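Visitor: In UniProt numbering, the protein residues as written are 1 to 101.
Where is the CB? At the ideal position from N, CA and C, for every residue including glycine.
This structure is a prediction, so every number in the text was calculated from the model and none was measured.
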Amino acid sequence: MDECRHTDDIQDVTPSALGCEECLKSGSWWVHLRLCRTCGHVGCCDDSPNRHATKHFHATQHPIIEGYDPPEGWGWCYVDEVFIDLGERTTPQNGPIPRFV
């Protein structure tokens, strides 16, 4: 079984925005949200046009994101390329997430 060497890096964080931080600024849309479990940056997933969560990882090397729209209970380590069960350590949303139709 694959293991993550970065689970000790998981922090309890405050989400930076009520949607993808960069998409909200640019007026773009997203499919799903990902939350950086190092600093709280909220970015869009790789199925979204701008892939801001992955861009945040490449810029910062923060290894672990959480499936955040809605909180899904799983994490992903970019470095080890494995899913992580976050169990009770999911991050609550700060409010309603905007939806695009």
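Which residues bound the alpha helix (DSSP H) around Leu33?
Guide: The sequence position of residue 33 within the sequence shown is 33, counting from 1. Here Leu33 belongs to no alpha helix (DSSP H); instead the beta strand (DSSP E) covers Leu33 to Cys36.
Visitor: Looking at the structure shown, is Cys39 part of a helix, part of a strand, or coil, going by DSSP?
Guide: Within the sequence shown, residue 39 is the residue found at index 39, counting from 1. It is coil, neither helix nor strand.
Visitor: Take Ala17 and list the residues in its own chain whose beta-carbon comes closer than 7 Å to its own, dropping the five residues that flank it on each side.
Guide: As a position in the sequence shown, residue 17 is number 17, starting the count at 1. Here the set comprises Leu24 and Val42.
Visitor: With respect to the alpha helix (DSSP H) encompassing Cys23, which residues constitute its N-terminal and C-terminal limits?
Guide: Locating residue 23 in the sequence shown gives position 23, where the first residue counts as 1. Counting along the chain, the alpha helix (DSSP H) containing Cys23 begins and ends at Glu21 to Ser26.
Visitor: What are the boundary residues of the beta strand (DSSP E) that Asp85 is part of?
Guide: Your numbering for residue 85 matches position 85 in the sequence shown. From DSSP, the beta strand (DSSP E) with Asp85 extends over Val82 to Asp85.
Visitor: Starting from the C-beta of Met1, find all residues in its chain whose C-beta is less than 8 Å away, skip the five residues before and the five after it, and write them out in chain order.
Guide: For the purposes of this step, residue 1 is identified with residue 1 of the sequence shown, where counting begins at 1. Summary for Met1: the model assigns pLDDT 43, below 50, so the residue's position carries little reliability, and this model does not support an answer.
Visitor: Within 10 angstroms of its Cβ, does Phe83 collect 16 or more other Cβ (buried), or is it exposed?
Guide: Stepping through the sequence shown from its first residue, residue 83 is reached at position 83. Per the 10 Å Cβ criterion, exposed.
Visitor: Would you report the Cα separation of Ile10 and Val79, rounded to the nearest angstrom?
Guide: Locating residue 10 in the sequence shown gives position 10, counting from the first residue. Locating residue 79 in the sequence shown gives position 79, counting from the first residue. Cα to Cα, the separation comes out at about 13 Å.
Visitor: Taking the alpha-carbon of Thr14 as reference, which of Phe57, Arg89 and Pro98 has the nearest alpha-carbon?
Guide: Walking along the sequence shown from the start, residue 14 turns up at place 14. Of the listed residues, the one whose Cα sits closest to Thr14 is Arg89.
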